[in-house]
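Report on the following structure.
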Amino acid sequence: MDVFQALFLGLLQGLTEFLPISSSAHLILTPAFFGWSDQGVGFDLSVHLGTLLAVVLYFRREVFGIARDGLVSVARRRIVGQGALAGYLVIGTIPAGLAGLALLDLIDSVLRSPSVIFATTLLFGLLLGIADWLPKRTRTLDTLSWKDALLVGIAQAMALVPGTSRSGVTITAGLFLGMTRETASRFSFLLSIPIIVLAGSVKLLEAATSDVAVDWSGFLIGGVTSFVMAITAIHFFLKWLDKVGMWPYVIYRIALAAVIYAVLM
Numbered sequence: 000m001d002v003f004q005a006l007f008l009g010l011l012q013g014l015t016e017f018l019p020i021s022s023s024a025h026l027i028l029t030p031a032f033f034g035w036s037d038q039g040v041g042f043d044l045s046v047h048l049g050t051l052l053a054v055v056l057y058f059r060r061e062v063f064g065i066a067r068d069g070l071v072s073v074a075r076r077r078i079v080g081q082g083a084l085a086g087y088l089v090i091g092t093i094p095a096g097l098a099g100l101a102l103l104d105l106i107d108s109v110l111r112s113p114s115v116i117f118a119t120t121l122l123f124g125l126l127l128g129i130a131d132w133l134p135k136r137t138r139t140l141d142t143l144s145w146k147d148a149l150l151v152g153i154a155q156a157m158a159l160v161p162g163t164s165r166s167g168v169t170i171t172a173g174l175f176l177g178m179t180r181e182t183a184s185r186f187s188f189l190l191s192i193p194i195i196v197l198a199g200s201v202k203l204l205e206a207a208t209s210d211v212a213v214d215w216s217g218f219l220i221g222g223v224t225s226f227v228m229a230i231t232a233i234h235f236f237l238k239w240l241d242k243v244g245m246w247p248y249v250i251y252r253i254a255l256a257a258v259i260y261a262v263l264m
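According to numbering that gives the first Met the number 0, the sequence shown holds residues 0 to 264 in order.
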C-alpha cells in the first residue's frame with residue numbers, strides 16, 4: 000500500500016464511519032473503482048482504532064459519566080445517574096455482536112458484492128429519508144427504554160451487511176421511534192463505541208494470527224487520518240444537523256447507487 004492509498008482510505012473511513020452513508024461500502028467499492036489491492040487486516044485495524052479514539056474523545060464527558068454511573072449502578076444494584084443509558088448501550092450492542100458471530104463468514108464472502116451494496120445503499124437511504132419526514136419527533140435520551148435500545152440494536156445488526164450504514168440505520172430506527180434528530184444521532188454515536196471495540200478486537204485477532212506482515216507506515220497513516228477526519232465529521236454533522244437534516248445524505252446515497260449500477264453491475 001502506497002502513501003496516497005493509505006491517506007485516501009484513512010480519510011474516507013473517518014468521513015464515512017459516522018455519516019449515514021456506509022463506511023464499509025466505500026472501503027469495498029473504492030479499491031474496485033481504482034483497481035487497488037485489498038488494504039489488509041492491519042490497515043482495517045488502524046482505521047477502526049482511529050475512529051474509536053475520535054468518538055470517545057469527542058463524547059469524553061458523556062462516555063466517562065455513562066461508564067461511571069453504569070459501574071456504580073451495578074455495584075449498588077439500582078439505577079444511578081446515567082446507569083440506565085449504560086444498560087441500554089449494552090442491550091443495543093448484543094444483537095450486532097451475536098449476528099457478527101453467526102454471519103461473519105457469509106458477510107465476508109457473499110454479501111460484499113456490488114449488487115448487494117447497490118440494493119442496501121438505495122433501500123436504506125430511502126428509509127432514512129422517510130424517517131426524517133416524520134412529524135412529532137420529540138423524544139430525548141431521558142425517555143428511552145430497553146425496548147427502544149433493543150430495536151435500535153437490531154437495526155444496528157442489519158448494518159453488518161455492507162452498504163446499509165451503521166450510523167444511517169440506527170439513526171433511521173431512532174427517528175421511527177420518535178427521537179429527535181440530535182437524540183437519534185447521539186445515541187447512534189454512543190452505540191458505535193462498543194461495536195467498534197468488538198470489531199477492532201476481531202481485526203486484532205486476525206492480525207495476530209495472520210502470516211502477513213503489518214505495513215506499519217500504512218497503519219500509522221490510516222489511523223491518524225481516520226481519527227482526524229472522524230472527529231471533524233462528528234462535529235460538523237451535529238452542528239449542521241437541524242439545518243440540513245438527513246436528505247443531503249439520502250440524495251448522496253441515491254447518486255452512489257446509480258454510480259454502482261452504472262459502473263460495477
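Beta carbons: idealized from backbone N, C-alpha and C, even for Gly. Quick caveat, the model's predicted, so the values are computed rather than measured.
Judged by DSSP in its simplified three-state form, Met-178 adopts strand.
Between Ile-116 and Ile-259 the beta-carbon gap is near 6 Å, inside 8 Å, which marks them as a contact. Counting only runs that start and end inside the region 107-169, the alpha helix (DSSP H) elements of at least 4 residues fall at 113-132 and 145-157. Around Gly-199, the same chain offers Leu-44, His-47, Leu-48 and Leu-51 as residues with beta carbons nearer than 7 Å, after the five sequence neighbours per side are excluded.
Excluding its 5 nearest sequence neighbours in each direction, Val-151 has C-beta neighbours in its own chain below 8 Å: Gly-91, Thr-169, Ala-172, Gly-173, Leu-176, Phe-186, Ser-187 and Leu-190, listed in chain order.
In this structure, Ile-195 and Val-160 do not form a Cβ contact; the two beta carbons are roughly 17 Å apart against a cut-off of 8 Å. For Ser-225, the enclosing alpha helix (DSSP H) covers residues 215-238.
Only residues of its own chain outside the window of five on either side were considered, and among them Ser-45 have a CB closer than 8 Å to the CB of Leu-219, listed in chain order. Excluding the 5 residues flanking it on each side, Leu-56 has same chain C-beta neighbours closer than 8 Å at Ile-230, in chain order. Taking 8 Å as the upper bound for CB-CB distance, Leu-18 and Phe-236 are in contact here, some 6 Å apart. Taking the Cα positions, Ala-95 is about 32 Å away from Ala-261. Contact annotation: Thr-120 and Leu-14 have beta-carbon atoms that are not nearer than 7 Å. Cβ neighbours of Gly-162 within its own chain (closer than 6 Å, five residues either side excluded): Ser-21, Ala-24, Ile-116, Thr-119 and Thr-120.
Taking the Cβ atoms as the reference, Gly-86 lies roughly 21 Å from Gly-99, outside the contact range of under 8 Å. Residues of the same chain with a CB within less than 6 Å of the CB of Ala-130, apart from the 5 flanking positions on each side, are Thr-171, Leu-174 and Phe-175 in chain order. Rounded to whole angstroms, Trp-215 and Val-109 show a C-alpha spacing of 30 Å.
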